[in-house]
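Under mature numbering (1 follows the signal peptide of the UniProt record, and there is no 0), residues -23 to -1, 1 to 61 are what the sequence shown spells out, in order.
C-beta atoms are modelled at their ideal positions from N, C-alpha and C, and glycine is treated no differently.
All values derive from a computational prediction rather than experimental measurement.
Data block below; observations after.
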Amino acid sequence: MSLRVVALLAGCLLLAACNKVNQDNYAQLKPGMSKVEVENLLGKPAECSGALGISSCTWGDEQRFISVQYAGEQVLLFSGKGLQ
């Protein structure tokens, strides 16, 4: 293998290891956590929506994600799919 291919593969592995959508981070989520605490753990969400003080934010994609529902600024519920 050429050095360029090895470097590309190493970079891809490093990026995959940095993904914060994983079982370890999911296990740290707790009801009552603030949005700031969740974002410190998971980073900025891929998308958020909400109305009337209830909001939902998602990290990841359709195959692997963490979804957090907030009442005001605190975690109410959370779920995940495809976490490793």
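Review point. Under three-state DSSP, which class holds glutamine 40?
Key: Sequence index remark: in the sequence shown, residue 40 carries index 63 (1-based). DSSP places glutamine 40 in coil when its eight states are reduced to three.
Check your understanding: For lysine 26, which of Gly57, Ser11, Tyr47 has the nearest alpha-carbon?
Key -> Walking along the sequence shown from the start, residue 26 turns up at place 49. Correcting the residue type first, residue 26 is serine in the shown sequence and not lysine. Minimum Cα distance to serine 26 is reached at Tyr47.
Practice item. Could you check if isoleucine 31 is buried or exposed, using at least 16 other CB atoms within 10 Å of its CB as the buried criterion? Key: By 1-based counting over the sequence shown, the position of residue 31 is 54. Classification of isoleucine 31: exposed, given that the 10 Å Cβ count is below 16.
Check your understanding: If you run the structure through DSSP and keep just helix, strand and coil, what is glutamate 24?
Key -> Taking the sequence shown and counting its residues from 1, the one referred to as residue 24 is at position 47. In this structure, glutamate 24 counts as strand in the three-state DSSP scheme.
Exercise for review: Kindly give me the distance between the Cβ atoms of leucine 6 and valine 15, rounded to whole angstroms, as I take these residues to be in contact under 8 angstroms.
Suggested key: Numbered from its first residue, the sequence shown carries residue 6 at position 29. Numbered from its first residue, the sequence shown carries residue 15 at position 38. Indeed, because the Cβ distance is near 7 angstroms, the residues count as touching under 8 angstroms.
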